Amino acid sequence: RELGRSNQRGAALLASFLHAPARPVTALAVKDGTLWTGGEDGAVKAWGVEDGHCLQLYLGSLSPIRALALLPDQGLLCTAGSDLRLWELDSGEVAAVLHWKAHEALAVGG
Numbered sequence: 432r433e434l435g436r437s438n439q440r441g442a443a444l445l446a447s448f449l450h451a452p453a454r455p456v457t458a459l460a461v462k463d464g465t466l467w468t469g470g471e472d473g474a475v476k477a478w479g480v481e482d483g484h485c486l487q488l489y490l491g492s493l494s495p496i497r498a499l500a501l502l503p504d505q506g507l508l509c510t511a512g513s514d515l516r517l518w519e520l521d522s523g524e525v526a527a528v529l530h531w532k533a534h535e536a537l538a539v540g541g
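Residue numbers for the sequence shown follow our numbering, beginning at 432 and rising by one.
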């Protein structure tokens, strides 16, 4: 499918971010024109696919993000690493944290 001019610019911005060696992306989720990325630094960001701008920053994870899952009906984002976190999609606030000691999570899904 051919991308419009704004989509091409947004795709180029996102591609440059995803390939930046200082910020490796380890998890992705996408829905309705928004791309969420989780990284080795524990940060999660929501990006506008149309323009490549950061829409929301989710800070607080203490380990690399290994998986992301959207729960849009509940208005939540779930991230997994050394803990499982539920985030409010709109505010970026942590709604809940589940800690475990044995292993880092490699996937979340529903």
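Beta carbons: idealized from backbone N, C-alpha and C, even for Gly.
Given the structure is predicted, the values throughout are model-derived calculations rather than measurements.
Rounding to the nearest angstrom, what Cα-Cα distance links alanine 460 and threonine 468 in this structure? If you draw a straight line from the Cα of alanine 460 to the Cα of threonine 468, it is about 7 Å long.
How would you write the range of the beta strand (DSSP E) that arginine 516 sits in, first residue to last? 514–519
What first and last residue would you give for the beta strand (DSSP E) that runs through leucine 508? 507–511
Would you mind working out which of Pro495, Gly483, Cys509 and Thr510 sits nearest aspartate 472, comparing C-alpha positions? Pro495
Using the Cβ count rule (16 or more neighbours within 10 Å means buried), how would you classify lysine 476? buried
Can you tell me which of Lys462, Asp521 and His530 puts its alpha carbon nearest to the alpha carbon of tyrosine 489? Asp521
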